[in-house]
Every structure is written in structure tokens, then in C-alpha cells.
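J.: Please read through the structure below; I'll follow up with questions.
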Amino acid sequence: MRDDAGALSMLNHRRRELGLSYELLSKRSGVSRPTVQRILSGHHSAASFASILAIAQAMGLALRFDSEVDPRKLKREQAERKAKRLVALVQGTSGLEGQAVDRNMVESMIEQTTHELLAGSTRKLWSED
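The sequence shown begins at 9 in the numbering used here and counts up one residue at a time.
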């Protein structure tokens, strides 16, 4: 499920499809009736993950985490973002020293830094510094 509205719609549709009242769903899920009603009416910001999961399972719905992005692509995108940030810092320092870097050199530095980030520690790849 991609968003709260989609998840909520699915839960409500399933409840109606099964013909479950809030009271019956409460008993099946072990979640209090007021909490079931609050969650299914869209006032679920304070609801626990466990309560939402119990309600879904009581209606035969399984929780799935589907991968929307290949992990290699996600790592590559992170490495490129970080490489651009690092190269921009180098460019800024070089500019202050009067040693401007041309566009081709910048692209080469970004690609090399991206490659080094992907080959190195994942901690370094995901850190903010």
C-alpha cells in the first residue's frame, strides 16, 4: 500500500465485504471498539502499528512491504547525490583559491567519487557528512 488513504480504503472495503461490524472486528482483532472505529474513520495518527496490523489480520489481510526501487539503484542515486555535494565543496574551495575546475573535470570527479562511494563503506555512503 502506498499511502494512508489507500490503506484506509482497503481496510474499510474489506470490513464491508466481510460484513463485520466495528464490534465484531474489535473482538476478532483484540483491539478496542473505539480504537477500531477511530482507525477506520481516518483518525489514526496516534494508532499503534500493532493495532492496525491486528485489524488487518483479523480481516485476512497480509502486510507486505513491496520493493518499489531496486536497492542497487537506490544506492547509486545516494552515491551520486553525495558525490555532487562533495565535488561542489571541492569546487567552492578551489574557486576561493583561484583554481576553477572546468565542467568536464567536474563530471569526471562526480563519477569517480560515485564509484568510490559505491565500492566503500555503506556507513560512509549513507552518512550526512
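By construction, the Cβ of each residue, glycine as well, lies at the ideal position given by its N, Cα and C atoms.
Using the beta-carbon count (16 or more within 10 Å), is residue 29 buried or exposed?
T.: That one is exposed.
J.: On the three-state DSSP scale, how would you describe residue 133?
T.: Three-state result, residue 133: helix.
J.: Check this for me: beta carbons of residue 34 and residue 41, under 7 Å apart or not?
T.: Cβ distance < 7 Å, so residue 34 and residue 41 count as in contact.
J.: For residue 36, report the span of its alpha helix (DSSP H) as first-last.
T.: Start and end: 30-37.
J.: Should residue 23 be labelled buried (16 or more other beta-carbon atoms within 10 Å of its own) or exposed?
T.: With 16 or more Cβ atoms within 10 Å of its Cβ, residue 23 is classed as buried.
J.: Taking the alpha-carbon positions, what's the residue 120 to residue 75 distance?
T.: Near 28 Å, if we compare the C-alpha coordinates of residue 75 and residue 120.
J.: My understanding is that residue 16 touches residue 84, with C-beta atoms under 8 Å, so please give their C-beta distance in whole angstroms.
T.: Going by Cβ atoms, the distance from residue 16 to residue 84 rounds to 34 Å, so no, they are not a contact pair.
J.: If residue 88 sits next to residue 122, beta carbons under 8 Å apart, how far is it from one beta carbon to the other, in whole angstroms?
T.: With a Cβ gap of about 5 Å, residue 88 and residue 122 count as contacting.
J.: Closest to residue 25 by C-alpha separation, out of 44, 57, 80, 67, would be which residue?
T.: Ranking 44, 57, 80, 67 by Cα distance to residue 25 puts 67 first.
J.: On the CB-based measure, 16 or more other CB atoms within 10 Å of its CB, does residue 91 come out buried or exposed?
T.: Per the 10 Å Cβ criterion, buried.
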